[in-house]
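Quick note: the sequence shown uses the working numbering, first residue 11, plus one each step.
Glycine residues also receive a C-beta, built at the ideal position from the N, C-alpha and C atoms.
Just so you know, these numbers come straight off a predicted model, no measurement behind them.
Contents: one structure, followed by commentary.
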Amino acid sequence: MNVLLTGGSGFIGRNIMAALSAAGHQVRPVSRRSGIDFSRLLTPAHWLPHLEGIDAVINCVGIIGEHGAQRFEPLHTLAPTALFRACAEAGIRRVVQISALGADATAFSAYHLSKRAADDFLRGLDLDWFVLRPSLIYGRGGKSADLFMRLAAWPLIPVIGDGQQELQPVHIGDVVATVMGSLTSPAARQTLDIVGPETVTFAEWLQRMRQAQGLGRAPVLPIPFPLAMALTRIGRHFSPMLQPENLRMLQTGYWADVRPLAQFLGRLPRAAEPGLFFSDVLSMGSPS
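What follows is the structure in structure tokens.
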């Protein structure tokens, strides 16, 4: 299968590309690394030349925070909707959109709203689409996972409020396995939440990350939410991840029913074990 993959240089994209190549698919990457500015491809006419000879499209472009020329609307909404329209014009029926858990009717952040706009547009087209909404993804090379891993190694672990925000982290291997299944599944036109099999609190998740590094449990340092918000307004100038809206999303917590995903995969997603924190598709082999 000839697959156009957008965002192939990112954490999710790199792992998808490895799995596609291992499965014998031909990949046509669209990313800054391949010399293409995704944010400038804003009409179907811009996309049609890239779609010649393509059998399926996977869009996994995403940013967690705006910085410089990287803005939510062109990257999450305008360019993807132009791509999806071009797929409909070119007769490319299989389209896989990587969205995010929380990009639904409850969305309040610019991140989630921009993702949901593209999701809704794709769902309105006569295509064999999949909208995949991953939870917090962990595994080797993930920026958010690396940030939390560093926090977990501190002798006093900082948490927001009481640290009881509920999460369902999912390993990158299960995200990729879902994408690979979406390419060939006859049961298209699905929105799937990609979540782990267990709901854990943010504080407990950091303790598990600490354990994975061979460290014992550590006391936590509760940071009141207003103070944490004030700190992110400073931190956002040093890292695009340290945005006030990202903190609000973490404070909200996100979880979903794992059973639809388990039914689609034919198994439960992986439970979080220490070794998984340092693994990805390349180190584990092709996902199944």
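Whole angstroms are fine: how far does the CA of residue j sit from the CA of residue i?
i, j, result
"A222", "A127", "37 Å"
"F288", "T211", "21 Å"
"P179", "R81", "26 Å"
"Q273", "A240", "43 Å"
"I64", "H35", "11 Å"
"I26", "V189", "8 Å"
"A282", "I108", "22 Å"
"V291", "S19", "14 Å"
"I46", "A113", "27 Å"
"L237", "G23", "35 Å"
"S41", "Q200", "26 Å"
"Y148", "L111", "14 Å"
"V141", "G17", "16 Å"
"I68", "L15", "5 Å"
"L85", "A100", "22 Å"
"P54", "A92", "5 Å"
"D138", "G191", "13 Å"
"G242", "I102", "At residue 242 the sequence reads Thr, which differs from the Gly that was named. Near 42 Å, if we compare the C-alpha coordinates of I102 and T242."
"F48", "A120", "19 Å"
"L157", "L216", "11 Å"
"H122", "P270", "22 Å"
"D136", "V13", "19 Å"
"R5", "S31", "The first residue shown for the chain is 11 and the last is 298, placing residue 5 beyond what the model contains."
"L278", "Q253", "33 Å"
"A33", "M294", "14 Å"
"G152", "L286", "12 Å"
"I244", "G224", "32 Å"
"E176", "M159", "18 Å"
"T209", "R43", "36 Å"
"M259", "W57", "33 Å"
"G78", "R50", "15 Å"
"P229", "P284", "20 Å"
"L193", "L146", "23 Å"
With hydrogens ignored, establish whether the beta-carbon of residue i is closer than 7 Å to any heavy atom of the ligand ATP.
i, result
"H77", "The ligand ATP is absent from the structure shown, which contains no ligand whatsoever."
Which residue wins for smallest C-alpha separation from residue i, given the options the options?
i, options, result
"M11", "W57, A66 and T53", "A66"
"R227", "R218, P234 and A281", "R218"
"P234", "V105, L257 and A197", "L257"
"A197", "A29, D184, R104 and R243", "R104"
"A117", "G78, R143, L30 and W57", "R143"
"V185", "A96, L275, S31 and A33", "L275"
"F21", "I73, G191, R269 and P90", "I73"
"G171", "R160, L231 and L123", "L231"
"H181", "P168, R150, L52 and V106", "R150"
"L52", "S195, F158 and E83", "E83"
"A29", "V169, A155 and G183", "G183"
"L88", "C70, K153, G75 and S124", "S124"
"V106", "L286, E214, S195 and L146", "S195"
"C70", "M159, P90, E76 and G224", "P90"
"E76", "E176, S145, M159 and E255", "E255"
"A213", "G173, R220, I244 and L177", "G173"
"R280", "R220, Q261, L193 and A187", "A187"
May I ask which residues mark the beginning and end of the alpha helix (DSSP H) holding residue i?
i, result
"V71", "Premise fails: V71 is in no alpha helix (DSSP H) and is neither H nor E."
"L14", "Per DSSP, L14 belongs to no alpha helix (DSSP H); it is in the beta strand (DSSP E), N12 to T16."
"R24", "F21 to A32"
"T116", "Note, T116: premise wrong, no alpha helix (DSSP H); not H, not E."
"P90", "A89 to A100"
"P270", "R269 to L275"
"R50", "Where R50 is concerned, there is no enclosing alpha helix (DSSP H), given that its DSSP letter is neither H nor E."
"H56", "P54 to W57"
"L157", "K153 to A162"
"S293", "V291 to M294"
According to DSSP, which residues form a beta bridge with residue i?
i, result
"F140", "V106 and Q200"
"L177", "V210"
"P234", "Note: P234 sits in no beta bridge, so no partner."
"Y148", "H181"
"R38", "L14"
"H77", "Q80"
"A281", "BP columns for A281 are empty, so no partner."
"A66", "V13 and R104"
Between which two residues does the beta strand (DSSP E) containing residue i stretch?
i, result
"V169", "I167 to I170"
Check whether chain C comes within 8 Å of residue i, counting only Cβ atoms and requiring the distance to be less than that.
i, result
"R227", "The question asks about chain C, but that chain is absent: this structure has only one protein chain."
Touch test, the stretch 131-138 against the stretch 164-177, Cβ-Cβ under 8 Å, three pairs minimum: In short, these stretches do not touch, since the Cβ pair count stays below three.
Cβ contact check for the stretch 257-267 and the stretch 194-206: 3 or more pairs under 8 Å: yes
Stretch-stretch touch, CB-based, cutoff 8 Å, three pairs: the stretch 42-61 with the stretch 85-96: yes
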